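S.K.: Input: one structure, supplied below.
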DNA sequence: GCGACAG
DNA sequence: ATCTTGTCGC
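In my numbering, the protein residues as written are 4 to 245.
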């Protein structure tokens, strides 16, 4: 598929201030609402691996529980990881992989934050806006924001706790940015799984983002397309190291 | 100076 | 994320 808005391509050569300003522009362009009603959607999971100084991006496309396509791309890493600027480190590789994808996805699930971000423009939002594609951010840890009235831990399976904007986020404090979603939990009290932090990327509201993430979990913590992309990226990274 | 910090 | 051994639990 094509990058609809080239002006939003993440350029690692920008200054930090320019990156942050582009993120504010992306956040203004992003739509954090929508219920995503689609019959038999093509859903892609996106993940990366980093063998040596390269970024390997992997996309797995699924429809009705079946894998229909895989795509990937490899680029050289040019900047280090900086909290809040992740999309400028990994985005070029991800967009290159999307340009290799032949099918037309209806939704993308990313491994990282969407609206849960200092400038409301995390990886899922940046990519979703650049591609003009509905997207959801699925993170394994919380970048910013705070849980609203969390119940006792450990959260039981199916629990959803709102993530509210705190003073680190450039938006009215208390705004619902996403949800902590306990997609999987053990029953006994021995081991315990952390929740996912799910937020809108583009064209979905926070509740819909949480529902979409949950709906794609098949007995595992991560949504199936993301699990598959994670696995695929790992395979490609192993080959790249050889 | 101290704490926070997606992947 | 990546570098790595063992260990716990079903």
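Glycine included, every Cβ here is placed at the ideal spot set by N, Cα and C. Note that this is a predicted model, so its numbers are computed, not measured.
1. May I ask you to report which of helix, strand or coil DSSP gives residue 198?
2. Taking residue 166 and residue 200 to be in contact with their CB atoms under 8 Å, please state how far apart those CB atoms are, rounded to whole angstroms.
3. Can you say whether residue 241 is buried or exposed, counting buried as having 16 or more other CB atoms within 10 angstroms of its CB?
4. Measure from the alpha carbon of residue 114 to the alpha carbon of each residue in 132, 155 and 144, then state which is nearest.
5. Check whether the Cβ atoms of residue 148 and residue 112 lie closer than 8 Å to each other.
6. One question on the structure: do residue 57 and residue 243 come within less than 8 Å of each other, judged by their Cβ atoms?
7. Which of the three DSSP states, helix, strand or coil, is assigned to residue 52?
8. To the nearest whole angstrom, what separates the beta carbons of residue 204 and residue 127, a pair I think is in contact under 8 Å?
9. So residue 112 is in the beta strand (DSSP E); what residue range does that whole segment cover?
10. Considering residue 235, what are the terminal residues of the alpha helix (DSSP H) in which it resides?
11. Would you mind stating whether residue 247 and residue 26 have Cβ atoms separated by less than 8 Å?
12. Once DSSP output is grouped into helix, strand and coil, what is the label at residue 130?
13. What residue from 110, 182, 77 and 211 has the CA that sits closest to residue 228's CA?
14. If we require 4 or more residues per run, which alpha helix (DSSP H) segments fall completely within the segment 10–85?
15. Look at the alpha carbon of residue 208 and the alpha carbon of residue 132, and state the distance between them as a whole number of angstroms.
16. Alpha carbon to alpha carbon, how far is residue 174 from residue 230?
17. Evaluate residue 33 with the Cβ neighbour count: other Cβ atoms within 10 Å of its Cβ, from every protein chain shown; 16 or more gives buried, anything less gives exposed.
18. Pick out the complete alpha helix (DSSP H) segments inside the segment 112–193, 4 residues or longer, and give them in chain order.
19. For residue 246, which three-state DSSP category applies?
20. What do you reckon, are the CB atoms on residue 67 and residue 43 nearer than 8 Å?
21. Does the segment 60–80 come close enough to the segment 149–164 to have 3 or more Cβ pairs within less than 8 Å?
22. Hey, residue 104 and residue 61: beta-carbon distance below 8 Å or not?
23. Measuring CB to CB, does residue 48 end up less than 8 Å from residue 212?
24. If we ignore side chains and look at the alpha-carbon of each, how far apart do residue 142 and residue 176 end up?
M.R.: Well, looking at it:
1. On the first chain, position 195 is the one that residue 198 refers to. In this structure, residue 198 counts as coil in the three-state DSSP scheme.
2. The residue given as residue 166 occupies position 163 in the first chain. The residue given as residue 200 occupies position 197 in the first chain. Right, the Cβ-Cβ distance comes to about 6 Å (below 8 Å), so this counts as a contact.
3. For the purposes of this step, residue 241 is taken as residue 238 along the first chain, with counting starting at 1. Exposed, by the Cβ-count rule.
4. Position 111 of the first chain, counting from 1, holds the residue named residue 114. Of 132, 155 and 144, the smallest CA-CA separation from residue 114 is found for 144.
5. Indexing the first chain from 1 puts residue 148 at position 145. Indexing the first chain from 1 puts residue 112 at position 109. Taking a C-beta distance under 8 Å as the contact criterion, residue 148 and residue 112 do not qualify as a contact pair.
6. As a working note, residue 57 is residue 54 in the first chain. As a working note, residue 243 is residue 240 in the first chain. Yes; because the gap between Cβ atoms is below 8 Å, this pair is in contact.
7. In the first chain, the residue the question calls residue 52 occupies position 49. In the structure shown, the three-state DSSP call for residue 52 is strand.
8. By 1-based counting over the first chain, the position of residue 204 is 201. By 1-based counting over the first chain, the position of residue 127 is 124. 3 Å between Cβ atoms; contact.
9. Numbered from its first residue, the first chain carries residue 112 at position 109. Residue 112 -> beta strand (DSSP E) spans 110–113.
10. By one-based count along the first chain, residue 235 stands at place 232. DSSP places residue 235 in the uninterrupted alpha helix (DSSP H) bounded by 227–244.
11. Because residue 247 is not part of the residues shown, which for the chain are 4 to 245, the question remains open.
12. What you label residue 130 is simply residue 127 of the first chain in a count that begins at 1. DSSP places residue 130 in helix when its eight states are reduced to three.
13. For the purposes of this step, residue 228 is taken as residue 225 along the first chain, with counting starting at 1. Closest by alpha carbon: 110.
14. Assignment of alpha helix (DSSP H) within the segment 10–85, counting only whole runs of 4 or more residues, yields 19–32 in chain order.
15. For the purposes of this step, residue 208 is taken as the residue at position 205 of the first chain. For the purposes of this step, residue 132 is taken as the residue at position 129 of the first chain. About 15 Å.
16. The residue you call residue 174 lines up with position 171 of the first chain. The residue you call residue 230 lines up with position 227 of the first chain. Straight-line spacing of the CA atoms in residue 174 and residue 230 works out to 32 Å.
17. Position 30 of the first chain, counting from 1, holds the residue named residue 33. Buried, since its Cβ has 16 or more Cβ neighbours within 10 Å.
18. Listed in chain order, the complete alpha helix (DSSP H) runs (minimum 4 residues) inside the segment 112–193 are 126–134.
19. Any answer about residue 246 is impossible in this case: the structure gives the chain only from 4 up to 245.
20. As a working note, residue 67 is residue 64 in the first chain. As a working note, residue 43 is residue 40 in the first chain. At the C-beta level, residue 67 and residue 43 come within 8 Å of one another.
21. Segments in contact, no.
22. Residue 104 sits at position 101 when you count from the first residue of the first chain. Residue 61 sits at position 58 when you count from the first residue of the first chain. For the 8 Å CB-CB criterion, residue 104 and residue 61 do not form a contact.
23. Stepping through the first chain from its first residue, residue 48 is reached at position 45. Stepping through the first chain from its first residue, residue 212 is reached at position 209. Going by beta carbons, residue 48 and residue 212 fall outside the 8 Å limit.
24. Locating residue 142 in the first chain gives position 139, where the first residue counts as 1. Locating residue 176 in the first chain gives position 173, where the first residue counts as 1. Those two C-alpha atoms are separated by around 21 Å.
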